[in-house]
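All residue numbers for the sequence shown refer to numbering that gives the first Met the number 0, where the first residue is 0 and numbers rise by one. From the three backbone atoms N, C-alpha and C, an ideal C-beta is built for every residue, glycine too. The structure displayed is predicted, hence computed values, not measured ones.
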Amino acid sequence: MGADIHRSLLAGGILDRLHTVARVDTSTTITTITDASPADAHRLAHVEVLYTHWGAPPLTEDALHRMPRLRAVVHAAGSVKHHVTDAVWKRGITVSSAAAANARPVAEFTLAAILFANKRVLDIAHGYARTRRQPSLLPYFDGYGNYHRTVGVVGASRIGRRVIELLSPLDLHVLLHDPYLDPAGARALGAEPAGLDELARRSDVVTIHAPQLPETRHMFDARRLALLRDGATLINTARGSLVDTEALTRHLVSGRIHAVLDVTEPDVPPADSPLYTLPNVLLTPHIAGSLGNELGRMADWATDEVARYAQGLPFAYGVGPDELSRSA
0 MGADIHRSLL AGGILDRLHT VARVDTSTTI TTITDASPAD AHRLAHVEVL YTHWGAPPLT
60 EDALHRMPRL RAVVHAAGSV KHHVTDAVWK RGITVSSAAA ANARPVAEFT LAAILFANKR
120 VLDIAHGYAR TRRQPSLLPY FDGYGNYHRT VGVVGASRIG RRVIELLSPL DLHVLLHDPY
180 LDPAGARALG AEPAGLDELA RRSDVVTIHA PQLPETRHMF DARRLALLRD GATLINTARG
240 SLVDTEALTR HLVSGRIHAV LDVTEPDVPP ADSPLYTLPN VLLTPHIAGS LGNELGRMAD
300 WATDEVARYA QGLPFAYGVG PDELSRSA
């Protein structure tokens, strides 16, 4: 994992828990494998389980050659695409991910964004700061609120499913689009199945939870963004590449729609981007996922997986190559 992240990840007794189920080498954090020092190379040669996190080096064939005893990779974070390569699967190494744990804060962030969007909290706050007077509530806020609004969820991923679950007690209508889920599956989750264009046209809020794949790049392009109804809000906590940022910016500058963007393309917009200052945009630097003490949830889940491995049990949150082909 990265050079500093372990200080936060392994706080709160996590390291003590790991010591109860495994012999843990705490003398160093490995940030490179193929260029490891002789001492680190000696340690790697005896490793049976890698406990990884953000900043993990790629597990290439060369890297795996230096770890002949490696049998499992336990990732105390979400996606493993950044470091798990085809070489891992070819060697029969089992992989686990705490993606399900990381899905929870993203879904919670999304829920808050949906409720605030329909209530126009950002707009009202800006107006209040500008006028510094109590507005006339009834006429000024006509059409705002969360009663019987339609929310379109794009992607029945872990996060998408959790968002639907969190929305279920509320007086909201949920549309769902996912090419891997049949209509009966969507209804079983408590959502109405819809095509992507239909979802864009009908929703007051559209929230994206699809994976980054070649076929999902710019799934919200200029044409589909134009389908969004006036006043609609687009929420993206997935990947910036799923939205044509240039086309979206044009719509946002016009004031026609609103956006909550936790991810963009590029990851950090240019310094002169209107996204930083538009009153109808909430722009955050990829904070929807685990933050602060929420790292502890992922570490707890990953440590549970190490305990299962030590007992000879299968992983509860195992990841396979087929799943990776359609996940973030």
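{"Check": "Only counting runs of 3 or more residues, tell me where the beta strand (DSSP E) segments fall wholly within the region 155-218, in order along the chain.", "Outcome": "171-176 and 204-207"}
{"Check": "What is the DSSP secondary structure of His52, counted as helix, strand or coil?", "Outcome": "coil"}
{"Check": "Going by beta carbon distance, what residues of the same chain come within less than 6 angstroms of Gly151, once the five residues before and after it are set aside?", "Outcome": "Leu174, Leu198, Ser202 and Val205"}
{"Check": "How big is the Cα-Cα spacing for Asp39 and Ile92?", "Outcome": "21 angstroms"}
{"Check": "Rounding to the nearest angstrom, what Cα-Cα distance links Asp303 and Ala246 in this structure?", "Outcome": "44 angstroms"}
{"Check": "Which one of Ala231, Leu277, Gly317 and Gly288 has the shortest CA to CA distance from Ala102?", "Outcome": "Gly288"}
{"Check": "Which term fits Asp3, buried or exposed, when burial requires 16 or more other beta carbons within 10 angstroms of its beta carbon?", "Outcome": "exposed"}
{"Check": "For Ile29 versus Ala21, is the C-beta distance shorter than 8 angstroms?", "Outcome": "no"}
{"Check": "Does the count of Cβ pairs from the region 69-80 and the region 257-275 closer than 8 angstroms reach three?", "Outcome": "no"}
{"Check": "Do you know how far the Cα of Leu241 is from the Cα of Pro213?", "Outcome": "10 angstroms"}
{"Check": "What's the C-alpha gap between Ala342 and Gly144?", "Outcome": "Residue 342 cannot be examined here, being either before or after the span of the chain that is shown, 0 to 327."}
{"Check": "Identify, in the order they occur along the chain, each residue of the same chain with its Cβ nearer than 7 angstroms to the Cβ of Arg9, setting aside the five sequence neighbours on each side.", "Outcome": "For the record, residue 9 in the displayed sequence is Leu; it is not Arg. The answer, listed in chain order, is Ala298."}
{"Check": "Are the beta-carbon atoms belonging to Leu294 and Ser96 less than 8 angstroms from one another?", "Outcome": "no"}
{"Check": "Any idea what DSSP makes of Leu69, helix, strand or coil?", "Outcome": "coil"}
{"Check": "How big is the Cα-Cα spacing for Phe115 and Leu121?", "Outcome": "7 angstroms"}
{"Check": "Using only alpha-carbon positions, find the residue among Thr130, His176 and Thr109 that is nearest to Ile158.", "Outcome": "Thr109"}
{"Check": "Which term fits Arg238, buried or exposed, when burial requires 16 or more other beta carbons within 10 angstroms of its beta carbon?", "Outcome": "buried"}
{"Check": "For the putative contact between Val105 and Thr283, defined by C-beta atoms under 8 angstroms, what is the C-beta separation to the nearest angstrom?", "Outcome": "In fact, because the Cβ distance is near 12 angstroms, the residues do not count as touching under 8 angstroms."}
{"Check": "How about His81 and Gly154: are their beta carbons less than 8 angstroms apart?", "Outcome": "no"}
{"Check": "Below 7 angstroms CB to CB, which residues in the same chain sit around Arg90 once its five sequence neighbours on both sides are set aside?", "Outcome": "Leu63"}
{"Check": "Kindly indicate the opening and closing residues of the alpha helix (DSSP H) around Thr130.", "Outcome": "Val120 to Thr130"}
{"Check": "Given Ala185, which residues of its chain have a CB within under 6 angstroms of its CB, disregarding the five upstream and five downstream residues?", "Outcome": "Leu175 and Pro192"}
{"Check": "Is it buried or exposed for Asn292, if we count other Cβ within 10 angstroms and need 16 for buried?", "Outcome": "exposed"}
{"Check": "Between which residues of its own chain and Gly54 is the CB-CB distance below 8 angstroms, once the five residues before and five after are set aside?", "Outcome": "Met0, Gly1, Ala2, Ile4 and Thr30"}
{"Check": "So what's His250 in DSSP terms, helix, strand or just coil?", "Outcome": "helix"}
{"Check": "By a C-beta neighbour count over all protein chains shown, 10 Å radius and 16 as the cutoff for buried, is Tyr275 buried or exposed?", "Outcome": "exposed"}
{"Check": "Distance check for Ala187 and Gln133, CA to CA, integer angstroms please.", "Outcome": "45 angstroms"}
{"Check": "Taking a contact to mean a Cβ-Cβ separation below 8 angstroms, would you say Ala221 touches Ile256 in this structure?", "Outcome": "no"}
{"Check": "Taking its Cβ as the centre, do 16 or more other Cβ atoms sit within 10 Å of Val83, making it buried, or is it exposed?", "Outcome": "buried"}
{"Check": "Val259 and Ala112 - do their beta-carbons sit closer together than 8 angstroms?", "Outcome": "yes"}
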